[in-house]
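Remarks on the structure that follows.
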Amino acid sequence: MANIYCIGRNYVNHAKELGNEVPKQPLLFSKPTHALARADGSTYTYDYNKEDIHYELEIVLHIGKAVRPGDKVDDVVDKIGLGVDLTLRNLQSKLKEKGHPWLRAKGFPNSAILTNLWEFKGVEDCRNRLFSLYQNGNQVQCGSIRDMLFDFQAIIDECSTCFGLGKGDLIYTGTPEGVGSVEHGDHFVLKWDEEVVGSFQTQRSQSYQ
Ligand code: ZN
């Protein structure tokens, strides 16, 4: 595993639900590799007192080779999966106000949930799929890449130009609307169309409950 890049506000309705402006160029940030956590049925405990932790369901691209200018998505992405970008939302708001980096709100351990990856069948195939997140049996998010502001190609072009993109890098491509709070004892299920591709449980610290 090399780098974990993430795109913020890549779906108009999500930007609006948080009262954010729609960006004119991809809004990029990254997470430490220590943030990675498998959606393999594991339970993760988060000790952030009363901090509000939000889930953000996202499609995750896995880069299969060194990306050069002009490379097409279908030639450089070899695998795809779903992920949840967990965010300390209150803290993120405070950091934004101060103009500080988001790292403390986005980069904590087990904040980058990731399903098993499967073979990428191309952008066209993805356009015909829905991805969704269930919290305790209720669907809370459902998205389509048709609603993205910046498509996979634009994201890959931007990441490779600005930072470099190579084999093993992951890109969290942004969340559709419906983000919400992670509570003690929650059970999350991630679906690609109707197929369950991952799940995890969350626990909060005693002081939060
Ligand atoms: Zn996100």
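Numbered as in the numbering used here, the sequence shown ends at 1258 without a single skipped number. Using N, Cα and C, we set each Cβ at its ideal position, and we do this for glycine too. Bear in mind the structure is a predicted one, so any value in this text is a computation, not a measurement.
Check whether the Cβ of Tyr1060 sits closer than 7 Å to any heavy atom of the ligand ZN, and report yes or no. no
Which residues DSSP lists as bridging Ala1088, in chain order: Ala1088 is not bridged to any residue.
Inspect the beta-carbon positions of Gln1190 and Asp1235 and report whether they are closer than 8 Å. no
What distance in whole Å lies between the Cβ atoms of Gly1113 and Val1122, which are believed to be in contact at a cut-off of 8 Å? In fact, because the Cβ distance is near 11 Å, the residues do not count as touching under 8 Å.
Proximity below 8 Å, CB of Tyr1104 to CB of Leu1077: no
Is the distance from the Cβ of His1111 to the Cβ of Gly1132 below 8 Å? no
Anything with a beta carbon under 5 Å from a heavy atom of the ligand ZN counts; list them all in chain order. Glu1105, Asp1134, Thr1224
Through-space distance from Ser1254 to Asn1059, alpha-carbon basis: 31 Å
Check each candidate in Gly1229, Glu1243, Gly1090 and name the one with the smallest Cα separation from Asp1101. Gly1229
DSSP three-state label for Thr1210, please. helix
When DSSP labels each residue in this structure, what does Gln1074 get in the three-state scheme? coil
Taking contact to mean 3 or more Cβ pairs, one atom from each stretch, closer than 8 Å, check whether the stretch 1064-1082 and the stretch 1143-1159 are in contact. yes
Since Thr1092 and Gln1250 should fall inside the 8 Å C-beta cutoff, what is the C-beta to C-beta distance between them, to a whole number of angstroms? 4 Å
Look at the Cβ atom of Leu1239, then the Cβ atom of Leu1179, and state whether they are nearer than 8 Å. no
Starting from the C-beta of Lys1145, find all residues in its chain whose C-beta is less than 8 Å away, skip the five residues before and the five after it, and write them out in chain order. Trp1151
Quick one: what's Ala1161 bridged to in DSSP? Leu1085, Asp1134
Through-space distance from Arg1138 to Leu1198, alpha-carbon basis: 22 Å
For the alpha helix (DSSP H) containing Glu1066, name the first residue and the last one. 1061-1066
What does the alpha-carbon distance come out to for the pair Gly1068 and Lys1216? 36 Å
Between Val1061, Tyr1095, Glu1243, His1233, which lies nearest to Ala1161 when the distance is taken from Cα to Cα? Tyr1095
Using the C-alpha atoms, what's the distance from Thr1222 back to Val1056? Checking the displayed sequence, the identity of residue 1056 turns out to be Ile instead of Val. Straight-line Cα distance between these residues: approximately 5 Å.
Let's test the definition: count the other Cβ atoms within 10 Å of the Cβ of Val1071 and tell me whether it reaches 16, buried, or not, exposed. exposed
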